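Residue numbers (the UniProt record's numbering): 1 to 215.
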Ligand code: NAI
């Protein structure tokens, strides 16, 4: 891969390519033309070519794309050619729901532990994984080679807990608390706001209603 900046927009589209190619693989499809992939994904063939050219193309004129190869290469770009150990901080509704979802494990994100301040949750297990006390957190990160922490605690506690995670040596935080975390540059934060997606849905419904009214 070339050592140059790839735009956030392209990176943002890679998981979707990865998902579609994974489905094609499951269906036993060995190769696909850029026009068929474009129809399936509802993206123009030229967009696909442009995106994949960022990483050296992977396609062959007249052959199309080798699904397995492209899937593997995009997986490598996304860091999915190895496993990542993760923990969840905040074992409430959302934390437990994420812990119960096995799909992350299939992509190589291995849940090693859950942490919570609520003493009533201590020792409760989710899919066999115990909920632990926060005072064990830093040592746990170090001893279990934890790379990513999922933050599902109240917004008011997020900054403080993120500080402890940074001291423990965490590399990345998947932040669900609705607050922007200000952390050292070497710690990567990816924030998720499910409501953003819901608001987009609401917008699209509202604008299509307006279109119908105007016609
Ligand atoms: P919840 O109240 O069920 O769970 C929060 C858990 O965090 C509780 O078990 C609590 O004991 C624990 N906790 C509180 N302070 C803590 C600390 N300092 N250290 C460790 N654990 C601590 O709440 P729920 O519904 O699971 O939501 C969790 C958070 O996620 C909230 O901040 C909520 O606003 C946010 N959220 C974000 C969404 C998103 O799309 N980003 C969607 C839904 C919720």
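All C-beta atoms, glycine included, are put in the ideal place defined by N, C-alpha and C.
As the structure is a prediction and not an experimental result, all values here were calculated from the model.
- A residue is called buried when at least 16 other Cβ atoms come within 10 angstroms of its Cβ; residue 87 meets this threshold and is buried.
- In the DSSP assignment, residue 110 falls outside any alpha helix (DSSP H) and lies within the beta strand (DSSP E) extending over 109 to 116.
- The C-beta of residue 128 has fewer than 16 other C-beta atoms within 10 Å across all chains shown, which makes the residue exposed.
- Here the alpha carbon of residue 166 sits roughly 15 angstroms from the alpha carbon of residue 143.
- A Cβ-Cβ contact shorter than 9 angstroms links residue 91 with residue 124.
- Those residues that have a beta carbon less than 7 angstroms away from any non-hydrogen atom of ligand 1 are, in order along the chain, 89, 90, 91, 92, 93, 94, 95, 115, 116, 117, 118, 121, 134, 152, 153, 154, 155, 157, 160, 161, 176, 177, 178, 192, 193, 194, 195.
- Residue 131 and residue 137 have their C-alpha atoms spaced approximately 11 angstroms apart.
- Taking 3 residues as the minimum length, the beta strand (DSSP E) runs contained wholly in the UniProt domain "CoA-binding" (79 to 180) are 84 to 89, 109 to 116, 129 to 133, 148 to 151, 172 to 175, in order along the chain.
- Taking a 10 Å sphere around the C-beta of residue 175, we find 16 or more other C-beta atoms and assign the residue as buried.
- A straight-line Cα-Cα distance of about 7 angstroms links residue 74 and residue 14.
- If the five residues before and after residue 168 are omitted, its C-beta is found closer than 7 angstroms to the C-beta atoms of 137, 138, 141, 142, all from its own chain and listed in chain order.
- With the rule of 3 Cβ pairs closer than 8 angstroms, the stretch 94 to 104 does not count as touching the stretch 62 to 71.
- Going by DSSP, residue 10 is part of the alpha helix (DSSP H) stretching over 8 to 26.
- The shortest C-alpha to C-alpha distance from residue 40 to any of 147, 22, 193, 12 is the one to 22.
- Here residue 66 carries a strand assignment [DSSP, helix/strand/coil].
- Residue 62 and residue 150 have their alpha carbons spaced roughly 44 angstroms apart.
- For residue 191, the enclosing beta strand (DSSP E) stretches over residues 188 to 191.
- Restricting attention to 184, 32, 117, the CA atom closest to the CA of residue 153 is found in 117.
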